[in-house]
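Respectively, the protein sequence lines represent chains W, Z and D.
Its first residue numbered 5, the first sequence is counted upward by one per residue in this note's numbering.
Its first residue numbered -19, the second sequence is counted upward by one per residue in this note's numbering.
Its first residue numbered 141, the third sequence is counted upward by one per residue in this note's numbering.
C-beta atoms are modelled at their ideal positions from N, C-alpha and C, and glycine is treated no differently.
Some notes on the structure that comes next.
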Amino acid sequence: MQIIILTAATLLMLTIIAGLIRVIRGPTSADRMMAAQLFGTTGVAILLLLSQALDTQNLQNVALVFALLAAIMGVAFVRRGWLMDRFS
Amino acid sequence: MEFLKTLFDLILISTMVWVAWQALTARALFKSIVLFIAFGLLISLAWVRLNAPDIALAEAAIGSGLTGALLLSALGRMRGMERGWVKQTRKDRSMKNTSVWLQKTIVSTPPSTFLRGLERLSLRILTLVLAIILFWAILSLPETSPGLTEKAIEALPNSGVKNPVTAILLNIRGYDTLLEVAILLLAAVGVWAFSRSTIRKFSNPHNDILLAFVCLILPIMIIVSGYLVWIGADHPGGAFQAGAILGSAGVLWLLSEIRRTDQSLIWLQRIGASFGLAIFLLIALVMMAIGSNFLEYPPKLAKQLILIIEIAATISIGIILASLFLGAHPGSEGDPLPVEETYEDADNQEPQ
Amino acid sequence: MGLIDYISAFFIIAGLVFFTGGTVGLLRFPDVFTRLHALTKADNLGLGLIIIGLAFHSNNPAQVLKLLFIWLLVLVASSTVCYLIANNALQHGIKPWKK
């Protein structure tokens, strides 16, 4: 069971790398910010899997904080950071 | 199984290095900011793998969430100033002149190509030498160093809490934390000296979904913040992490622009920001009056005193972080605040 | 591995499939709106299935409730942010991709 959980965590790490390609390439600002949003959710999943693999309950609080801050980043981008940058 | 953990760590490390490189060498500023936010998340995972959940909590909340929001807001304002949608204040103009002067006099490039090549070569050699020295220094560290771990664990039962990080932060090295709270207050005062607050016209006044989301999430964030303070005694948590969550709640509230002006918040900002430092100092001086030394809690009362200090510090840190995001002096009662143009006018402009 | 382990592993692998699908969609879809669509699948289903899989290993009902609470929080947050991004994308004049 541990093996499956750790493999899942590693595969999620690889999806983060794939999302980073979208951040680097993405033609508009929205693409980059969306990928950052995905990182937040993937981070929550990795933390929950690690909390099961390493057998500590503290990581679930870290996952809670991750979930909250992903919301802050997205709202800050939409309200303040997104100007008429069509191609940046 | 150990192999899988090592594989995970290796992928994490290489991703971190790659993201850092990309963030430093990106041409577009926005790309750098988003990569910096991603880097913050990865570092938080690294702290988790290094068995430091307290630091992971703080890094996730402050390093990724709050700093990301601050940088995005700053970039938006910079772009707005460039394109003329946001009026520059006098201080903005004088800062820009100063930076131009600095660039011309101090950071200047040499005139000929040969000297430029020489400069680059010498920089590269210096960096390489520095890297070699750092590697040698790290490799020659002893395998295990005693440190103060045993003494800290011995003192734990007398400190009133079970979490060693909280014990050290608030009891054994309470003086450092007192000064840190004072530094945060100084940072807030410094930011207030920069510019006056302006009324920002609503950029999207009828965004009901954002308002509903904020009405749902703000109470949840306040409860989570209180939860982190409460469990900080036994599990990873504590005042700084909870204060960062409270600050994020304040940032969300400011971003959604529920209230039109910020003038009515002046007393909230002033009292809230100094509340933590005041309570901390008060308890320290009361301890001196009772008969112990400055900041030395009697072991029977230690847990309650730590909790009181943590709650006060959390409120303070939250309000200070939110006012750092607001970034301006709230103004005095009855002063007319200048109206700032919004980014909404951008929608009617032609693409440039 | 007992029966609980098999069920939990099944859910976790299913969640992984949706996460991978969401990321591949983020990489390959042609414009902002379609990528948002792929993103929300990863958020809702991917995370939800992983959490259901992990809930089988919890010690008490409070932990299961905490995991479900985290999932609901991520759901609400990511739905709102994706709606805001899409709304502002439309206002900024990004046109949806047409074949």
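Residue state for residue 148(D) is assigned as helix, using DSSP reduced to three classes.
The way I'd put it, the region 221 to 232 of chain Z doesn't touch the region 270 to 285 of chain Z; fewer than three beta-carbon pairs between them come closer than 8 Å. Taking C-beta separations shorter than 8 Å and ignoring five residues to either side along the sequence, the partners of residue 204(D) in its chain run 195 and 198, following chain order. Taking 8 Å as the CB threshold, residue 291(Z) stays off the interface with chain W. The C-alpha of residue 11(Z) is placed about 10 Å away from the C-alpha of residue 4(Z). Judged by beta-carbon spacing, residue 78(W) lies beyond the 8 Å limit of residue 163(D), meaning their Cβ atoms are not closer than that value.
In the structure shown, the three-state DSSP call for residue 58(Z) is helix.
Judged by beta-carbon spacing, residue 179(D) lies beyond the 8 Å limit of residue 17(W), meaning their Cβ atoms are not closer than that value.
DSSP places residue 220(D) inside the alpha helix (DSSP H), whose first and last residues are 201 to 231. Restricting attention to 57(Z), 298(Z) and 49(Z), the CA atom closest to the CA of residue 205(Z) is found in 298(Z).
Judged by their CB atoms, residue 75(W) and residue 202(D) are not nearer to each other than the 8 Å cut-off. Taking 8 Å as the cut-off, the Cβ atoms of residue 46(Z) and residue 224(Z) count as close. Around the Cβ of residue 127(Z), a 10 Å sphere holds fewer than 16 other Cβ atoms; the residue is exposed.
Within chain Z, the C-beta atoms nearer than 8 Å to that of residue 11(W) come from -16, in chain order. Residues of the region 215 to 226 of chain D with a C-beta atom less than 8 Å from some C-beta of chain Z are 216, 217, 220, 223 and 224, listed in chain order.
For chain W, the residues of the region 191 to 218 of chain Z that bring a beta carbon within less than 9 Å of one of its beta carbons are 193, 194, 197, 200, 201, 204, 207, 208, 211, 215, 216 and 217, in chain order.
Distance from the CA atom of residue 189(D) to the CA atom of residue 75(Z), rounded to whole angstroms, is 52 Å. Each residue's CA atom was taken as its position, placing residue 194(Z) and residue 52(Z) some 19 Å apart. With fewer than three CB-CB distances shorter than 8 Å, the region 39 to 48 of chain W does not count as touching the region 26 to 38 of chain Z. Only residues of its own chain outside the window of five on either side were considered, and among them 15 have a CB closer than 7 Å to the CB of residue 2(Z), listed in chain order.
In this structure, the alpha-carbon of residue 177(D) lies about 23 Å from that of residue 12(W). In the DSSP assignment, residue 19(W) falls within the alpha helix (DSSP H) that extends over 6 to 29. Per DSSP, the continuous alpha helix (DSSP H) segment holding residue 192(Z) begins and ends at 188 to 211. Annotated as distal: residue 54(W) and residue 68(W), with beta-carbon spacing of 8 Å or more. Residue 69(W) does not reach chain D, its nearest Cβ partner there being about 10 Å away, counting only Cβ pairs nearer than 7 Å. Contacts between residue 28(Z) and chain W, judged by CB atoms closer than 7 Å, involve 51, 54, 63 and 66 in chain order. The continuous alpha helix (DSSP H) containing residue 102(Z) extends over residues 93 to 119. Around the Cβ of residue -5(Z), a 10 Å sphere holds 16 or more other Cβ atoms; the residue is buried. The Cβ of residue 189(Z) sits closer than 8 Å to at least one Cβ of chain D. Put simply, the region 143 to 162 of chain Z touches the region 283 to 302 of chain Z. At least three CB pairs are less than 8 Å apart. Here the C-alpha atom of residue 40(Z) lies approximately 34 Å from the C-alpha atom of residue 265(Z).
Neighbours of residue 28(W) in chain D, taken as residues whose beta carbon is under 8 Å from its own, are absent, since the nearest beta carbon is some 11 Å off. A Cβ of chain W is located within less than 8 Å of the beta carbon of residue 25(Z).
The Cβ atoms of residue 257(Z) and residue 296(Z) lie closer than 8 Å to each other.
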